[in-house]
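Everything below concerns the one structure shown next.
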Amino acid sequence: MELRIPFFTNVDIGQDIYQKCAGEIAGEMQNELAVHRQSRSWRFLSTLFSQVNDSIPPGLINFSAAWFMLGREGREDSLITSPILRSARGKQWMRDMAEAGTLLSGVLRIMHPDQYRMGYEVMTGLMHYEQVNLALSTWPSVFNAATVISNRCCPMHRDNKGSFPLFDILISTGDYSNAPISILPVGIQFPNSPGSMCGFSGFGFRHGVAGADGARICHAFYMRRELQIFTGVVPCSWMTQDVYRRWIGESIGRSRFHWKLDIDNI
6 MELRIPFFTN
16 VDIGQDIYQK
26 CAGEIAGEMQ
36 NELAVHRQSR
46 SWRFLSTLFS
56 QVNDSIPPGL
66 INFSAAWFML
76 GREGREDSLI
86 TSPILRSARG
96 KQWMRDMAEA
106 GTLLSGVLRI
116 MHPDQYRMGY
126 EVMTGLMHYE
136 QVNLALSTWP
146 SVFNAATVIS
156 NRCCPMHRDN
166 KGSFPLFDIL
176 ISTGDYSNAP
186 ISILPVGIQF
196 PNSPGSMCGF
206 SGFGFRHGVA
216 GADGARICHA
226 FYMRRELQIF
236 TGVVPCSWMT
246 QDVYRRWIGE
256 SIGRSRFHWK
266 LDIDNI
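Listed below in C-alpha cells is the structure:
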C-alpha cells in the first residue's frame, strides 16, 4: 500500500509551486489558523506550528471545489465551493496547481486505476450542479479535496474522514531538511525531501511528520467518500495486482492501451 517516487522530473516546477503558494495563499492560511485558534482539534494547535521566516507564515487551509454546508451532508441544496476558491487568490492557486495536478492525476492512474476512475466519475457527476461547476472547471486534479499546510509538524494519527481503499497523496515543497514521514504499523520511514510525493491510505495507516529544519509547505490531496455517495458512483476496492491485470487486459483487448489523461475534460 506504499509508494514513494520523485514527484517532479523538473525540480524547478516544485520550487515554482512553493513560491507561488507562498505568495498567493500564505495570508489566507495564517488567517484560517487564527480563526480556529480555539478549536479542540490537534490540527490547529499552535505548538505544532513554527515561524520559520516572514515570507512563509505557519498556517493551514482546506480546499474543495464541491462540498456540503456543515451538518447538511448529502443534500443538493447544500452543495457549495470552499469560500477561498471563490476568491481571486483561490482561483489563482488552482491555476498555479494545474500542471502539478495533472501529473498527480496521472500518477494516481498508475498507482490505483480504479480510484482514478472513481474520482474522475465523481468530478464529472458534480459538473451537473450549477453552484459548483465553475470551480470544478478549474480544479486541478481528480482528487476532490486538498489541504495546504505550512510549517507544521504532525503527530501520529489516522485521517478518520477517509476510506480504507483510497490513496491520499502528499506533496512536499520548500527549503528544508529533516522532515521524515513515518507510517505505522508497517514501521516505514521516508526522508520526505523537498519535491517528493508520498501516496498511501491515510485512513488505514497511522502516520506523522517530524518538524522540518526550514520552511516547508505540504499539499495533501484526498477524496471525500460523501461525494462519491452523493453522485452515485460505484466505489473502488483495494488496489491489487488483479486490478492491473484487468486494466491491461481490457486496454489491449480494445486496442486502446494508453495513459492519456482525461483530466482536461473535467
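Using my numbering, you'd call the opening residue of the sequence shown number 6 and step up by one each time. All C-beta atoms, glycine included, are put in the ideal place defined by N, C-alpha and C.
*Please classify residue 128: does DSSP put it in a helix, a strand, or coil?*
Working through the sequence shown from its first residue, we reach residue 128 at position 123. If DSSP states are grouped into helix, strand and coil, residue 128 belongs with the helices.
*For the candidate residues 234, 222 and 239, whose alpha-carbon lies nearest to that of residue 63?*
Counted from its first residue, the sequence shown places residue 63 at position 58. The shortest C-alpha separation from residue 63 is found at 222.
*So, are the CB atoms of residue 189 and residue 211 less than 8 Å apart?*
By one-based count along the sequence shown, residue 189 stands at place 184. By one-based count along the sequence shown, residue 211 stands at place 206. Result yes, Cβ atoms of residue 189 and residue 211 sit closer than 8 Å.
*Own chain residues within Cβ distance below 7 Å of residue 195, not counting five before or after*: Taking the sequence shown and counting its residues from 1, one reaches residue 195 at position 190. Taken in chain order, the residues that qualify are 9, 185, 186 and 203.
*asked:* Rounded to whole angstroms, what is the Cα-Cα separation between residue 146 and residue 69?
replied: Within the sequence shown, the letter at position 141 stands for residue 146. Within the sequence shown, the letter at position 64 stands for residue 69. Whole-angstrom Cα-Cα distance: 11 Å.
_Does the structure place the stretch 113 to 128 close enough to the stretch 78 to 90 that three or more beta carbon pairs sit under 8 Å?_
no
_Between the CA atoms of residue 156 and residue 169 - distance to the nearest angstrom_ = Against the sequence shown, residue 169 aligns to sequence position 164. Against the sequence shown, residue 156 aligns to sequence position 151. When rounded, the distance between both Cα atoms is 28 Å.
*In whole angstroms, what is the alpha-carbon distance linking residue 213 and residue 140?*
Taking the first residue of the sequence shown as position 1, residue 213 is located at position 208. Taking the first residue of the sequence shown as position 1, residue 140 is located at position 135. Their Cα atoms are separated by approximately 31 Å.
*Cut-off 8 Å between Cβ atoms - residues of its own chain near residue 249, not counting five sequence neighbours on either side*: Against the sequence shown, residue 249 aligns to sequence position 244. Here the set comprises 118.
*Below 8 Å between beta carbons: does that hold for residue 226 and residue 173?*
Numbered from its first residue, the sequence shown carries residue 226 at position 221. Numbered from its first residue, the sequence shown carries residue 173 at position 168. Their beta carbons are under 8 Å apart, which means residue 226 touches residue 173 by this criterion.
*In chain order, what residues of the same chain lie with their CB nearer than 6 Å to the CB of residue 53, ignoring the 5 residues before and after it?*
Working through the sequence shown from its first residue, we reach residue 53 at position 48. These residues qualify, in order along the chain: 157 and 158.
*Nonlocal neighbours in the same chain, by C-beta distance under 7 Å from residue 55, ignoring five residues either side*: The residue given as residue 55 occupies position 50 in the sequence shown. Within the same chain, residue 55 has close Cβ partners 63, 156 and 216.
*Can you tell me which of 51, 136 and 207 puts its alpha carbon nearest to the alpha carbon of residue 81?*
The residue you call residue 81 lines up with position 76 of the sequence shown. If we check each option's Cα against that of residue 81, 136 comes out closest.
*With a CB to CB cut of under 6 Å and the five nearest residues on each side skipped, what residues in its chain are close to residue 152?*
As a first step, residue 152 must be located in the sequence shown, where it is residue number 147. Excluding residues within five positions, the ones whose Cβ falls inside 6 Å are 67 and 225.
*Can you tell which of 48, 78 and 102 has the C-alpha that lies nearest to the C-alpha of residue 24?*
In the sequence shown, residue 24 corresponds to position 19, counting from 1. Closest by alpha carbon: 102.
*Per-residue burial, residue 46 [other beta carbons within 10 Å of its own, 16 or more giving buried]*: The residue you call residue 46 lines up with position 41 of the sequence shown. The residue in question, residue 46, is exposed, as its Cβ has fewer than 16 Cβ neighbours within 10 Å.
_Distance check for residue 100 and residue 246, CA to CA, integer angstroms please._
As a position in the sequence shown, residue 246 is number 241, starting the count at 1. As a position in the sequence shown, residue 100 is number 95, starting the count at 1. Answer to the nearest angstrom: the Cα atoms are 35 Å apart.
*Just tell me which of 22, 20, 149 and 26 has its CA closest to the CA of residue 85.*
On the sequence shown, position 80 is the one that residue 85 refers to. For the residues 22, 20, 149 and 26, the minimum Cα distance to residue 85 belongs to 149.
_Tell me the rounded alpha-carbon separation between residue 132 and residue 61._
On the sequence shown, position 127 is the one that residue 132 refers to. On the sequence shown, position 56 is the one that residue 61 refers to. Looking at the two C-alpha atoms, the distance is approximately 34 Å.
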